[in-house]
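Number of protein chains: 2
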Amino acid sequence: MTRRMLFNAFQMNCVTHQSPGLWTRDDDQTTRYKELDYWLDYARLVERGCFDAVFLADVVGTYDVYGGNREAALRSAAQTPVNDPMLVIPAMATVTRHLGFGVTSAMLQYHPYTFARQMSTLDHLTKGRIGWNVVTGYLDSAARAYGLEALPEHDQRYEIADEYASLCYRLWEDSWAEDAVRADRKSGVYTDPSRVRDIDHDGRYYRVHGCHVSEPSPQRTPVLFQAGSSARGTDFAARHAECVFVIGSKPHVAGDYARTVREKAVAAGRRGEDVAVFAYMKVVVGGTEAEAKRKYDDLFESVDIDGALALMCGWSGMDLSTVAMDQPIEYIETNAIRTFLHSFTAGDPSRVWTPRDIARYCGIGGAGPVLVGTPEQLADQLEDWIAAGVDGFNLAHTVLPGGLEDFIDGVVPVLQSRGRMQREYQPGTLREKLFGHARVQAPHPAATCRRPWG
Amino acid sequence: MTRRMLFNAFQMNCVTHQSPGLWTRDDDQTTRYKELDYWLDYARLVERGCFDAVFLADVVGTYDVYGGNREAALRSAAQTPVNDPMLVIPAMATVTRHLGFGVTSAMLQYHPYTFARQMSTLDHLTKGRIGWNVVTGYLDSAARAYGLEALPEHDQRYEIADEYASLCYRLWEDSWAEDAVRADRKSGVYTDPSRVRDIDHDGRYYRVHGCHVSEPSPQRTPVLFQAGSSARGTDFAARHAECVFVIGSKPHVAGDYARTVREKAVAAGRRGEDVAVFAYMKVVVGGTEAEAKRKYDDLFESVDIDGALALMCGWSGMDLSTVAMDQPIEYIETNAIRTFLHSFTAGDPSRVWTPRDIARYCGIGGAGPVLVGTPEQLADQLEDWIAAGVDGFNLAHTVLPGGLEDFIDGVVPVLQSRGRMQREYQPGTLREKLFGHARVQAPHPAATCRRPWG
């Protein structure tokens with residue numbers, strides 16, 4: 001049997017998520033991100049397309065690496081201003097029944113005790129449709145906003161994330177017994193106090209003494225997303241993630257990453273299929289190939305080069321303003337940008353990149369590839385990606401809603417007719433829909449943290 | 455002209471907000487607090503009643519003062535379990551157009567940088583319908599949950615709140631100029647970077663270096679609610695609050711409090727009418743006085759005495775389990791319960807109270823009075839409260855939705871026919887509806903923190 005492709009719609013509570021400049025077009029509505037109706041329409045559209053989830057990115061801080069200031073980011077609305085992602089979920093949940101919602105949250109933002117309750121609340125309100133994208137942060141401006149001098153160094157950030165997640169697991173999984181809530185009108189007992197216990201955690205970074213204050217939600221632990229591509233990042237993913245997000249310019253780049261994570265997961269005692277790999281993707285759809293290419297060229301005209309560089313420099317930590325726009329970047333393999341730009345060069349290691357190339361690539365592609373073609377051509381290409389080893393896609397948009405509508409009305413039916421996409425949703429929570437089981441299973445740390453009840 | 459009464463519907467994201475035991479009744483639906491539809495139905499009902507806002511209480515920690523443990527609270531679902539209050543607002547906003555939403559947030563829960571963005575996001579999504587109830591916390595169990603040994607002492611909590619609020623004001627009011635957002639498709643400029651500036655705050659309790667990451671929302675600073683009744687609490691209210699919440703057993707108790715706060719506000723340079731005072735209220739409505747009394751007696755049958763004591767002991771900090779149920783509490787004027795129970799004794803200083811009396815009073819009344827009668831009788835009594843000096847009410851429910859429907863279908867029309875309640879909403883944001891102006895005005899600290907732009 002052909003396995004179905006998984007799809008998340010990749011989105012962010014801001015104007016410019018991945019394509020700086022496109023907001024200036026008459027056919028784009030992303031400047032409406034502050035309006036409830038914008039989110040309701042978006043959710044309805046994505047659920048009409050039978051996507052698994054909306055995956056909400058987030059960032060703390062502003063993109064101030066390029067040129068050493070945030071001017072380009074502000075001017076182009078490149079992920080700044082950015083509103084809270086969690087707060088659009090309850091609204092979107094009111095107009096959908098099955099769509100999942102993955103939300104990005106950086107450890108800096110919330111104390112785990114606060115965060116655990118937020119996730120439980122969302123999981124209750126959506127009847128188990130919530131995922132959490134664990135993020136360690138990458139902008140020093142974020143650290144300064146929270147009163148630190150700079151972010152902890154890279155590997156230490158994962159050490160903190162490990163403690164943060166493990167603490168949340170204990171609140172979600174180990175504090176309330178399955179039968180703690182009786183809600184028995186006759187006896188007047190809502191909760192059996194003997195079935196609720198404290199989490200006593202005195203860690204290196206966090207300290208919590210108390211019980212979880214939310215009763216168990218349908219999934220307890222939300223579906224766990226993660227996106228680290230470094231060695232430490234894939235270690236973390238192999239241990240914690242159920243869904244991982246990868247950026248690769250070509251199928252084999254993403255596929256290699258998927259294999260690495262699965263191998264590490266297996267080494268950690270999990271099964272390879274316990275991890276679903278989503279590749280970053282963006283598409284431009286046309287009725288003919290020529291029309292699709294015209295559309296692409298037309299979109300390309302609107303790209304904001306400065307905005308694209310602001311994003312890329314923030315992601316990579318490298319200030320490309322020190323390189324002339326058309327000068328080849330020769331030292332790409334030797335500095336911080338390497339990890340991030342691996343996806344570019346791995347596709348063709350001999351290729352020379354200039355800041356302008358990167359900006360253009362980012363402008364329309366954001367952090368990853370753009371596929372251009374007819375619905376059939378795109379379906380073929382997406383199948384190539386799946387064949388290379390990924391399970392599905394985090395689909396970013398070009399213009400909204402048109403770019404996404406083109407995909408949903410054009411490509412989705414083709415994939416459905418090939419048996420590659422679901423025509424309707426399966427019942428159950430997000431985890432049940434993705435993996436067939438309701439709760440995180442051993443040896444995942446969210447499962448093994450459950451102590452027996454007397 | 456008769457001034458209209460203000461009404462908030464007082465609610466909490468949990469089973470038992472103010473009346474332990476009533477959830478066990480067949481006509482009560484509060485156990486549905488985890489469902490989106492429960493909140494949508496609730497919001498529609500409250501807006502049908504032309505209330506100004508839903509006022510969402512919250513608590514961090516569990517009620518473990520009574521008997522030195524949380525057993526009674528858990529058994530009766532007395533504010534435990536409790537879900538996040540902020541996350542039900544976007545859902546309620548989708549089915550209402552005018553209703554405001556006041557949300558309680560304790561300083562322990564969120565770093566101000568995180569919190570400021572959450573409020574801005576909500577204010578955007580609701581087009582300016584948001585209020586913030588500034589809370590300092592009162593349960594040591596909350597402090598332990600966040601890794602502290604105990605809460606800071608009472609006056610220091612207000613010192614922290616003062617810094618917390620002032621820092622939020624700067625993020626909301628002083629970081630983005632009024633004309634910072636251009637959203638100009640032609641020039642491609644979304645934000646003018648020269649009109650966004652950092653907040654550099656190195657305070658005693660918080661440190662923030664960065665700009666606010668949300669663009670200015672309709673109200674910028676949400677409408678500010680506060681509920682402290684101590685000397686330090688009323689000082690804080692006089693300086694910060696636009697709406698204050700008071701609990702008094704009799705009109706003159708609440709009226710005295712209102713006068714105190716207004717006098718202090720005037721001493722701080724504000725106008726008395728800059729502060730709207732809401733009295734805690736609960737009603738039982740009947741077609742006849744006899745029917746109302748029967749209803750009250752019937753509700754009273756369902757009161758959970760232990761749950762009521764769990765709440766009262768948590769609020770007051772005094773463990774009443776050390777006093778026999780029917781033993782008069784003689785030392786009420788000399789300990790911590792005094793501040794809180796002022797509302798009881800001030801109505802009749804000679805009255806003797808036993809734990810059982812308190813529990814019964816709390817059980818049906820929660821923290822305050824219950825009025826029982828026909829719509830006309832209740833309207834008369836509410837007018838007496840207004841005459842004593844308050845501006846409106848935070849109306850808690852008995853059973854939901856019935857208790858609230860009785861009020862909205864019975865008492866509201868009487869108040870409307872007397873010109874005492876609005877029949878339809880005024881246009882504008884919550885602050886415009888309540889006070890006639892869009893932004894906080896000098897000498898309020900949220901206004902005076904605005905530095906000029908070059």
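Taken in sequence, the protein lines are chains A and B. Mapping of the first sequence onto our numbering: position 45 corresponds to residue 45, and the numbering continues sequentially without gaps. Mapping of the second sequence onto our numbering: position 395 corresponds to residue 849, and the numbering continues sequentially without gaps. From the three backbone atoms N, C-alpha and C, an ideal C-beta is built for every residue, glycine too. It should be emphasised that the depicted structure is a prediction, and the values quoted were computed from it without experimental measurement.
Contacts around residue i, its chain only, beta-carbon distance under 8 Å, and the 5 residues preceding and following it disregarded
i	result
LEU415(A)	MET5, ALA379, LEU382 and MET421
ARG486(B)	TYR492
VAL667(B)	ARG571
LEU854(B)	ASP482, GLN483, THR484 and TYR496
VAL536(B)	MET466, ASN467, CYS468, ASP512 and VAL513
Check whether residue i and residue j have beta carbons under 8 Å apart
i	j	result
GLN29(A)	ALA396(A)	no
ASP594(B)	LEU579(B)	no
LEU765(B)	PRO90(A)	no
GLN118(A)	ASP538(B)	yes
TRP457(A)	ARG182(A)	Because residue 457(A) is not part of the residues shown, which for chain A are 1 to 454, the question remains open.
HIS694(B)	ALA619(B)	yes
VAL729(B)	GLU696(B)	yes
ARG129(A)	LEU99(A)	yes
GLY131(A)	ALA9(A)	no
GLU617(B)	GLY657(B)	yes
VAL135(A)	GLY314(A)	no
VAL700(B)	TYR644(B)	no
TYR660(B)	LEU621(B)	yes
LEU148(A)	PHE101(A)	no
ASP123(A)	ARG232(A)	no
THR374(A)	GLY286(A)	yes
Residues sharing a beta bridge with residue i, DSSP
i	result
LEU125(A)	None, per the DSSP bridge assignment.
HIS663(B)	ASP654(B)
ASP184(A)	VAL189(A)
GLN11(A)	LEU56(A)
LEU224(A)	TRP132(A)
TRP176(A)	VAL196(A)
TYR138(A)	TYR138(A) is not bridged to any residue.
LYS736(B)	VAL824(B)
Cβ-based neighbour list, residue i, same chain, cut-off 7 Å, excluding 5 preceding and 5 following
i	result
GLY857(B)	HIS851
TRP23(A)	VAL15, THR16, THR30, THR31 and ALA77
THR788(B)	Any reading at THR788(B) is ruled out, since the residue's pLDDT is 43, under 50, leaving its predicted position unreliable.
ARG904(B)	GLU627 and ASP628
Residue i - DSSP class collapsed to helix/strand/coil
i	result
VAL290(A)	The amino acid at residue 290(A) is misidentified as Val; the sequence shows Ala. Residue state, collapsed to three classes: helix.
CYS243(A)	strand
PHE51(A)	coil
TRP132(A)	strand
MET459(B)	coil
LYS250(A)	coil
ALA531(B)	coil
LEU148(A)	coil
LYS887(B)	helix
VAL46(A)	helix
TRP807(B)	coil
THR16(A)	strand
LEU415(A)	helix
ILE786(B)	Confidence at ILE786(B) is low in this model, with a pLDDT of 48, below 50, so the placement of that residue should be treated as unreliable; the coordinate-derived value is given next. Looking at ILE786(B) - three-state DSSP - the assignment turns out to be helix.
GLY67(A)	helix
TYR564(B)	strand
ASP439(B)	Shown here, chain B extends from 455 to 908; a query on residue 439(B) therefore has no answer.
ALA850(B)	coil
Near the ligand GDP: residue i beta-carbon under 7 Å from a heavy atom
i	result
LEU562(B)	Summarising the ligand content, the structure contains no ligands, and the ligand GDP is consequently not present.
Sequence-distant residues of the same chain with beta carbon closer than 6 Å to residue i, five excluded per side
i	result
VAL720(B)	GLY726
ALA143(A)	ALA150 and LEU151
CYS665(B)	SER629, VAL650 and ASP652
ALA359(A)	ILE305, ALA308 and LEU309
Proximal residues of chain E, C-beta to C-beta of residue i below 8 Å
i	result
TRP23(A)	Of the chains in the structure shown, none is chain E; the protein chains are A and B.
Review point. On the three-pair Cβ rule with 8 Å, is the region 110–128 of chain A touching the region 625–636 of chain B?
Key: no
Margin query: Counting beta carbon pairs with one atom in the region 92–99 of chain A and one in the region 38–56 of chain A, are three or more of them shorter than 8 Å?
Written below: yes
Exercise. Given 8 Å as the limit, is there contact between the region 430–438 of chain A and the region 704–713 of chain B, that is, 3 or more CB pairs closer than that?
Worked result: no
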